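A short worksheet on the structure shown next.
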Amino acid sequence: MRFLRLWANILFVSLILSISFFGLSGDVLFFASDPPHALFAIGILSVSLTLILIPLFWAISLKLVSIDQLISFLNRLVTTLIGVTFIYFLLNFIDERYHLTIRGKAYLSPKIPYFYPEFLWWVLWVILFIVIWRTLKKGNKKEILSRTDRLIWPIAGLFILLWGPLFLSKLPIFTTKKGPGELDRHFVFVVLDGWPSEQLKQISDSSQQENTTGLFSGGRLFQNVRTSTVWTHAYFGIFYSGTGTHIFNFARKTFWSKVLRRSQESGSNLLSLLQDKGVKIRGYCDHRSGMSEGSSSRISNYKGFRSLFLTCHHSSILNLFNLDYFMVFTGPRPGLSLTNDLRSYFVTKLIPYLQPDLDYKNSLTEFLIPQMRDVQGKNNRSFLVYHARWSTISNADISLVWQKRSDEEQEKAEKVIRKNDYRYSDKDAWYAQQVQDEILAKKSLFEEKIREFVDSVKKDPILKNSTVLITSDHGFMSSNGKLFYGFHPDEGTTRVPVFIFGGDTPPGTDNRLLDTYDIMQTVLEYFHIETKFNNRAISLFSALSKDYVVSATQPSDVNKEWYFLIYKDEFKYSFNIHPQGNGEAKKCKVEDFRCVPIESGKHLITENLSELKLAFGEFGLDEGLPTHPSYSQLK
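Numbering (my numbering) for the sequence shown: 574 to 1208.
Next up, the structure:
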């Protein structure tokens, strides 16, 4: 009996430590996981810790103390952990909501190093532990420990009762494919962050070569696609939810809270609809914005485990049990360290040798293809999201590019440019040129990585039922006083490459006007889901076309700019709707990647009134958000 009590105490300690672990790591996305997946993850970690602690405490009991003394110690430990964990989560809630505590200060002050506040947060947890432990030691130990001892059995039993069947249901021997009668369909969605749209011309020229060595030969290239928004978290917000009504309304807190609640309560989103059709979902994202919870839609009502600081290093454990999940993709990079990713570093080191090499030469072939094989070997249907920086895939050595100026000069220039909403003056033009040099240094090697990935997928018999879509969430620019993306309405930021290959995709090129809504609709129709979030959306696989597409930039209060763009035929109409801006409306002709000005004037608003009204509705601007007086008739 004493041995069972010892085991129950150790299991309880492991359980509380597991819950504390996800909180201490700051893994806010873990707590967005649906209950079965969260319980399963806690259970896996609890069992692992139990297997480690049982022989450890058993050895201690043989050498130092009796089993009864050890049980008494564990009871006090359990009580302390419960108290510490409760206080920690309360402080964590205050931190996340109001940015008042140690970690929150890091968001407000860029002078605090990334790892420093996290270190202090762990120190705080240890101090809490010591305080509560000493309080218990001075208090009525017998009464406290006896109450804790009585709680051990029912809680340990309840944990086993809940987690046991869940564990068995996820074992590989119980995880079977849905049946041979169902056609295998697997969609891989590769989103390369900030992929320069100028490379589209290079891709197009290469794909039209007669020989098969050209980049992207054998697939379908879409040459006239515009991102609906030119920054990441808004792009994925539209892609997952099928609407842009949540993007700009954060400025109105009461309305934003309603939109947030409505989006979370709604069952209509891409991920939940796919899961209703039996599609296995896995996502690997370079940063939080690529996940639905981190996107502008904040959608979290779908099944699956998600984590912000568990890394692809741990994917083999999740794959073993064939879970739906989203996690951070950490490579390729020189390696996790205390300075570049403290939390992921510790989490990775806890379970070594699972996937030790994160410094991929080509993450598309070395990481993504094995993940495709795994999910397709266990499921009839799957949807993989892979979001990574295009520049890191090339993994090029560009050290010579960055030797032009000192680190201090570069940091100062970047800070000035960022403060000016990514506009630079002649004084900082050298920095923009340096960024451009980096892009040029990586382009050719990146092309080789893409070609290697495409060829590998085509040759792999396991992946014969795969359809792969490669695109970008937005473009990139470093010219004309503008750097990066987000605030700029230029072709360099709005135009994105889209390439599809595999399955029954017909080869060739496509010049139809398309946007982000159409990419989402393509995924839905691929899995025969009839839901349509946007009435104007069409599938890339269809022969349909649309009259116009809309794109939007972020509002820049610094430069008094906030652009809505309408593309019709060969023309681009830009409207500055910023409430303090000039309200200008311009028309230009799109020639390759240039825009040739044609005319400007308020009459262009009237000419495009119906399109603008619909666009305002799609982005939620008809709810009363302030815009320039020239556009008041659109509300």
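Even glycine gets a Cβ: it sits at the ideal position worked out from N, Cα and C. Source: prediction; values computed, not measured.
Should residue i be labelled buried (16 or more other beta-carbon atoms within 10 Å of its own) or exposed?
i       : result
ARG871  : buried
TYR700  : Per the sequence shown, the amino acid found at residue 700 is Ile instead of Tyr. Exposed: under 16 other Cβ atoms inside 10 Å.
GLU866  : buried
THR1179 : exposed
GLN781  : Residue confidence for GLN781 is low, a pLDDT of 47 falling below 50, so the modelled location carries little weight; the figure read from the coordinates is stated next. Classification for GLN781: exposed.
GLU981  : exposed
ILE530  : This structure leaves residue 530 out entirely; the chain is present only between 574 and 1208.
GLY730  : exposed
TYR680  : At TYR680 the pLDDT is 49, less than 50, meaning the model places this residue with poor confidence and gives no usable figure here.
GLY1174 : exposed
ASP1165 : exposed
LYS1000 : exposed
LEU734  : exposed
HIS887  : buried
PRO1062 : buried
LEU663  : exposed
LYS1032 : exposed
GLY950  : exposed
Hey, would you say residue i sits closer than 8 Å to residue j, going by beta carbons?
i       : j       : result
ARG855  : TYR813  : no
THR514  : LEU846  : Coverage of the chain is limited to positions 574 through 1208, which leaves residue 514 absent and any answer about it impossible.
ILE966  : ASN935  : yes
TYR1140 : TRP804  : no
PHE1074 : GLN1127 : no
PHE762  : VAL1096 : yes
VAL1163 : GLU1143 : yes
PHE1072 : LEU794  : yes
LEU602  : MET945  : no
SER1029 : ILE1150 : no
ASP1077 : HIS960  : no
THR1118 : ARG1068 : Note on identity: in this sequence residue 1118 is Ser, with Thr being the wrong assignment. Contact flag unset, no.
MET900  : TYR857  : yes
LEU654  : ILE589  : yes
GLY1154 : HIS819  : no
HIS759  : SER1039 : yes
LEU629  : SER587  : no
VAL948  : LYS853  : yes
ILE890  : ILE617  : yes
ALA1125 : SER1051 : no
GLY791  : PRO1080 : yes
ASP1065 : SER869  : Per the sequence presented here, residue 1065 reads as Gly, with Asp not at that position. No. Outside cutoff.
Would you give the residue range spanned by the beta strand (DSSP E) that residue i belongs to?
i       : result
TYR898  : 898 to 901
GLN796  : 793 to 799
VAL1069 : 1068 to 1074
LYS550  : This structure gives no information on residue 550, because the portion of the chain shown stretches from 574 to 1208.
PHE956  : 954 to 962
THR1200 : Premise fails: THR1200 is in no beta strand (DSSP E) and is neither H nor E.
Taking the alpha carbon of residue i as the point to measure from, which residue in the options has its own alpha carbon closest?
i       : options                              : result
PHE1049 : ASP766, ASN1155 and GLU1164          : ASP766
SER955  : ILE890, SER1052, TYR1099 and GLN1006 : TYR1099
THR1082 : HIS1151, GLY1076, ASP607 and PRO1070 : PRO1070
ILE660  : PHE613, LEU650, SER593 and ILE1023   : SER593
SER591  : LEU612, ASP607, ALA605 and GLU1025   : LEU612
PHE1148 : PHE1106, LEU1207, ILE1035 and PHE585 : LEU1207
GLY817  : GLN949, GLN1094, PHE1189 and SER1203 : PHE1189
ARG962  : THR658, ARG758 and TRP768            : TRP768
GLY656  : GLN949, PHE702 and ALA1002           : PHE702
ASP1120 : HIS759, ASN582, ASN1181 and ASP1046  : ASN1181
PRO609  : TYR1090, GLN1094 and PHE878          : PHE878
LEU1087 : ASN1053, ASN1107 and PRO1079         : ASN1107
ARG707  : PHE646, LEU756 and PRO727            : PHE646
VAL958  : THR1044, SER998, GLU1191 and SER619  : THR1044
Kindly indicate the opening and closing residues of the alpha helix (DSSP H) around residue i.
i       : result
LYS1267 : Examination of residue 1267 is not possible in this model, given that the chain is present from 574 through 1208 alone.
LEU1182 : 1182 to 1191
MET864  : It is not in any alpha helix (DSSP H) - MET864 carries neither H nor E in the DSSP assignment.
PRO943  : 942 to 951
GLY810  : 805 to 814
LYS1032 : 1002 to 1032
THR802  : Per DSSP, THR802 belongs to no alpha helix (DSSP H) and is neither H nor E.
SER845  : 843 to 849
ILE890  : 888 to 893
LYS1175 : No alpha helix (DSSP H) holds LYS1175; DSSP gives it neither H nor E.
ASP980  : 980 to 992
GLU1098 : 1089 to 1099
Does the region 985 to 1000 come within contact of the region 1121 to 1140, defined as at least 3 CB pairs closer than 8 Å?
Taking 8 Å as the limit for Cβ pairs, the verdict is that the region 1121 to 1140 does touch the region 985 to 1000.
Could you say if the region 1106 to 1124 and the region 792 to 812 meet the contact criterion of at least three C-beta pairs nearer than 8 Å?
yes
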